[in-house]
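Remarks on the structure that follows.
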Amino acid sequence: MLDKNQLKDLLNKSDFNNLDKLLLILASDGATSKSVSSIREIGKSTGLRAVAKWNVSSYLGRSKGLAISTDDGWELTSDGMQYVASIAEVNIQAKPINEAESLRKHLSTLTDPDTRAFVEEGIACFENQLY
Numbered sequence: 001m002l003d004k005n006q007l008k009d010l011l012n013k014s015d016f017n018n019l020d021k022l023l024l025i026l027a028s029d030g031a032t033s034k035s036v037s038s039i040r041e042i043g044k045s046t047g048l049r050a051v052a053k054w055n056v057s058s059y060l061g062r063s064k065g066l067a068i069s070t071d072d073g074w075e076l077t078s079d080g081m082q083y084v085a086s087i088a089e090v091n092i093q094a095k096p097i098n099e100a101e102s103l104r105k106h107l108s109t110l111t112d113p114d115t116r117a118f119v120e121e122g123i124a125c126f127e128n129q130l131y
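First residue of the sequence shown: 1, per the numbering used here; consecutive thereafter.
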């Protein structure tokens with residue numbers, strides 16, 4: 001995922017066209033579904049003032065399957081995630097939340113504080129893809 005600082009840096013580069021910038025916005029904040037108004041709000045809050053004048057749905061509708069419109073808003077497809085990762089040169093794969101939650105459930109069975117701290121650190125690394 002892209003954090004706000006990464007997004008600011010990327011959106012303010014001239015290397016990207018408008019569609020690329022919209023896809024970058026979709027990859028921010030957990031790569032969750034976003035409404036057109038929230039896409040505009042994120043863009044403006046990260047320095048991309050021009051997004052207020054864009055026809056966001058038109059751009060994203062011509063993304064050739066990189067983004068799709070769902071009942072919850074616009075979201076990236078897996079191809080879209082890969083494309084954004086390649087242009088942003090970062091790893092934005094979704095966090096493996098279910099696996100981490102499963103591991104956290106077993107923490108309560110650990111009695112040794114050092115072992116527990118070690119496993120907690122391992123889970124945090126796993127969640128942040130710090131392999």
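Glycine residues also receive a C-beta, built at the ideal position from the N, C-alpha and C atoms.
Item                                                                                                                                                                      : Value
Just to confirm the assignment, what range does the beta strand (DSSP E) spanning G201 have?                                                                              : What is shown of the chain runs 1 to 131, which leaves residue 201 out entirely.
Straight-line CA distance for I39 to Y83?                                                                                                                                 : 18 angstroms
Among K53, G80, A27, G47, whose alpha-carbon lies nearest the alpha-carbon of F62?                                                                                        : As written in the sequence, residue 62 is Arg, which differs from the Phe given in the question. Minimum Cα distance to R62 is reached at G80.
What are the uninterrupted segments assigned as alpha helix (DSSP H) that are 4 or more residues long and contained completely in the segment 8-32, given in chain order? : 18-26
Tell me, which residues are paired with K34 by DSSP?                                                                                                                      : W74
Using the DSSP secondary-structure output, state which residues sit across from I68 in a beta bridge.                                                                     : E75
What three-state label does DSSP hand L48 in the structure shown?                                                                                                         : coil
Taking S102 as the reference, which of D114, V119, I87 has the closest Cα?                                                                                                : V119
Suppose contacts are defined by Cβ-Cβ distances below 8 angstroms. Is A67 in contact with L26 by that definition?                                                         : yes
If we count the other Cβ atoms within 10 Å of its Cβ and call it buried at 16 or more, is A50 buried or exposed?                                                          : exposed
Among residues of its own chain, excluding the 5 on either side of G73, which ones have a beta-carbon nearer than 6 angstroms to its beta-carbon?                         : S33, K34, S35
Using alpha carbons as the reference points, say which of S45, A124, L23 lies closest to S86.                                                                             : L23
If I measure Cβ to Cβ from N18 and keep anything under 7 angstroms in the same chain, skipping five residues before and after, which residues do I get?                   : W54, Y59
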